[in-house]
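Notes to accompany the following structure.
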Amino acid sequence: MLQTIEAFDRIGEENAFAVLARATALAQSGKDIINLGIGQPDFSTPAHIVEAAIKALRDGHHGYTPATGLLATREAVVRRTLTTTGVEVSPENVMIMPGGKPTMFAAILMFGAPGVDILYPDPGFPIYRSMIEFTGARPVPVPIREENGFAFSADETLALITPATRLLIVNSPANPTGGVTPRAEIEKLVRGLDAHPHVAILSDEIYDVMTYDGETHTSLLQFPEIRDRLIVLNGWSKTWAMTGWRMGWSIWPNGPESGHLYDKVRKLAVNCWSCVNAPSQFAGIAAIDGPQDDVEKMLAAFDRRRRIVVEGLNALPGFSCITPKGAFYAFPNVRDTGRPAKAFASALLEDAGVALIGGPDFGVLGEGYLRLSYANSEENILRALERIESFLAR
């Protein structure tokens with residue numbers, strides 16, 4: 001029997017894909033399934049973006065690209081970053097990635113090792129903890145609490161830092177909760193990090209434009225005092241409905257004070273994925289520089305759906321749901337139903353034909369919650385709420 005290294009016995013998964021696979025199998029068997037589980041916009045990639053990729057193929061862009069990404073793509077990210085954050089970065093610090101996860105993989109791999117602590121949000125995106133455990137580092141959950149509007153607490157986060165801490169992961173707007181951390185709390189965190197210069201920060205800002213009710217996203221790039229140890233994750237998947245294109249970007253520090261992180265991730269790219277394909281990069285440029293009408297329509301639709309979801313969930317017996325301020329997820333509290341969250345989500349899929357994700361798939365503090373993605377049509381959301389109501393009435 002072949003034996004792999006022990007690290008593969010520790011690696012986890014993103015259960016949203018397992019739920020998607022089961023929902024697909026049920027649908028193929030003839031069952032009507034409404035999928036509110038996967039975090040994927042139900043909109044098509046805007047036509048001008050698709051045409052840019054087709055043009056790139058017809059123009060002969062079929063070969064390798066630089067491991068860091070085409071200069072033109074990195075320059076587009078620079079422009080977009082200046083527009084959204086007011087911060088000017090160098091294209092020499094921008095890395096074009098095959099999606100968002102490779103940035104998590106690279107950052108955690110750089111800092112994770114036995115004897116090291118890595119702090120991550122809980123409930124949070126499950127790949128954070130999975131990769132931390134893969135490296136042998138100790139995963140230290142930062143509680144993301146409903147009573148705090150699912151924003152992280154700077155005081156609670158800073159209290160968890162020890163001399164063994166090497167990396168802090170933050171995410172706002174957040175998956176799975178839809179929480180948005182206020183600027184004042186982020187400022188407090190940055191001030192506190194001054195006492196911990198040995199701690200790098202990975203800021204997952206993939207949902208940066210998806211805020212509601214007057215909330216605004218605060219990028220950690222806006223704090224120059226931490227720039228030499230800050231990694232920012234972002235990408236095209238959510239904002240421009242490009243999940244399958246596998247297009248992400250990240251901004252890395254470089255130079256001796258940062259441990260030459262940018263050069264390290266470049267070497268990792270050379271050893272792992274080589275480069276991101278050229279046509280997708282031309283599509284990425286078109287997404288950033290082209291018209292944003294489709295993005296605005298998508299955000300308006302998400303806002304309408306969000307209101308429908310919150311009203312509908314709060315009308316269900318045993319459910320309570322605070323209003324998410326960002327992303328496209330609701331994270332209802334279902335403790336009063338008396339049902340364990342994962343078993344509840346499984347029963348809703350199998351018996352009611354509604355795919356949701358159990359809160360424990362996002363961390364130990366996710367028990368008692370479900371994640372619902374409102375990246376689906378209003379019609380399907382209303383049908384799903386009716387099915388959940390009927391299921392609860394049995």
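Position one of the sequence shown corresponds to residue 1 (our numbering), numbered consecutively onward. Note that beta-carbon positions come from the ideal geometry of N, C-alpha and C, so glycine has one too.
Where residue i sits in the DSSP three-state scheme
i: SER258; result: helix
i: GLY214; result: coil
i: TYR64; result: coil
i: TYR369; result: strand
i: SER130; result: helix
i: ALA164; result: coil
i: VAL50; result: helix
i: PRO197; result: coil
i: ILE322; result: coil
i: VAL94; result: strand
i: ARG394; result: coil
i: VAL87; result: coil
i: SER250; result: strand
i: ASP208; result: coil
i: ASP42; result: coil
i: ASP122; result: strand
i: ILE5; result: coil
i: ILE108; result: helix
i: PRO102; result: helix
i: ILE144; result: strand
i: PHE223; result: coil
i: PHE150; result: coil
i: LYS238; result: coil
i: ALA343; result: helix
i: TRP273; result: coil
i: ASP59; result: coil
i: ALA184; result: helix
Residue from the options with nearest C-alpha to residue i
i: ILE127; options: PRO139, ASP117 and TRP245; result: PRO139
i: GLY290; options: ALA76, THR24 and LYS101; result: ALA76
i: SER320; options: GLY326, ALA327 and GLY312; result: GLY312
i: SER44; options: ARG166, GLY244, GLY86 and THR216; result: GLY244
i: ILE251; options: ILE96, HIS48 and LEU71; result: ILE96
i: THR284; options: LEU70, ALA21 and ASN35; result: Just to set this straight, residue 284 is Gly in the shown sequence, not Thr. For the residues LEU70, ALA21 and ASN35, the minimum Cα distance to GLY284 belongs to LEU70.
i: ALA21; options: SER346, VAL199 and ASN380; result: SER346
i: GLN222; options: TRP249, ILE186, ASP294 and GLY115; result: ILE186
i: LEU299; options: TRP240, ALA154 and GLU350; result: TRP240
i: GLN281; options: GLY63, ILE5, GLU13 and ASN15; result: GLY63
i: THR157; options: ILE144, ALA107 and PHE17; result: ILE144
i: LEU168; options: ASN148, ALA174 and PRO141; result: PRO141
i: CYS272; options: GLU13, GLY338, PHE105 and ARG80; result: PHE105
i: LYS325; options: ALA107, ALA16 and GLU146; result: GLU146
i: LEU382; options: GLU6, LEU36 and MET1; result: LEU36
i: ILE288; options: PRO224, GLY338, THR323 and TRP236; result: TRP236
i: ALA113; options: ILE38, MET1 and ALA137; result: ALA137
i: ALA154; options: LEU189, LEU2 and GLN292; result: LEU189
i: ALA16; options: VAL199, PHE125, TYR207 and ILE5; result: PHE125
i: ILE201; options: THR68, ASN314, GLU225 and PHE344; result: GLU225
i: GLY178; options: ARG307, THR323, MET242 and VAL78; result: THR323
i: MET131; options: ALA301, ALA7 and VAL209; result: ALA7
Close-in-space but distant-in-sequence residues of the same chain around residue i (CB under 7 Å, 5 per side omitted)
i: PRO397; result: For residue 397 there is no data in the structure shown, the boundaries of the chain being 1 and 394.
i: GLU389; result: LEU316
i: LYS409; result: Residue 409 lies beyond the range of the chain shown here (1 to 394); nothing can be said about it.
i: SER258; result: ASP228 and ARG229
i: ARG10; result: GLU133 and PHE134
i: LEU348; result: VAL354, LEU356, ILE388 and PHE391
Strand pairing of residue i, partner residues [DSSP]
i: SER203; result: VAL170 and VAL232
i: ALA355; result: ASN35
i: ALA330; result: LEU372
i: GLY138; result: A small correction: the amino acid at residue 138 is Arg; Gly does not occupy that position in the sequence shown. The partner list for ARG138 (beta bridge, DSSP) reads ASP117.
i: PHE448; result: Any question about residue 448 goes unanswered here, given that the chain covers just 1 to 394.
Contact set for residue i: own chain, Cβ-Cβ below 6 Å, skip 5 residues either direction
i: HIS196; result: ILE161
i: GLU88; result: LEU82
i: ARG246; result: PRO98 and GLY99
i: ALA27; result: ILE33
i: ASP204; result: ASN171 and LEU233
i: PRO46; result: ASP294
i: PRO176; result: PRO123, TYR329, PHE331, PHE362 and ARG371
i: LEU392; result: PRO317
i: ASP336; result: GLY318
Nearest-angstrom Cβ-Cβ length linking residue i and residue j, presumed shorter than 8 Å
i: ALA330; j: VAL309; result: 5 Å
i: ASP42; j: SER377; result: 6 Å
i: GLN40; j: ALA384; result: No, GLN40 and ALA384 are not in contact; Cβ-Cβ is about 16 Å, not under 8 Å.
i: ARG183; j: THR218; result: 4 Å
i: ILE54; j: ALA286; result: Contact doesn't hold; Cβ gap of about 11 Å is too wide.
i: PHE152; j: PRO121; result: 6 Å
i: ALA159; j: VAL116; result: That belief does not hold up - the Cβ atoms of ALA159 and VAL116 are roughly 18 Å apart, past 8 Å.
i: GLY192; j: PRO102; result: Not confirmed; about 29 Å, so no contact.
Close beta carbons around residue i, own chain, < 8 Å, minus the five adjacent residues each side
i: PRO253; result: ASN93, ARG227, ASP228, ARG229, LEU230, ILE231, LEU261 and TYR262
i: LEU57; result: PRO279
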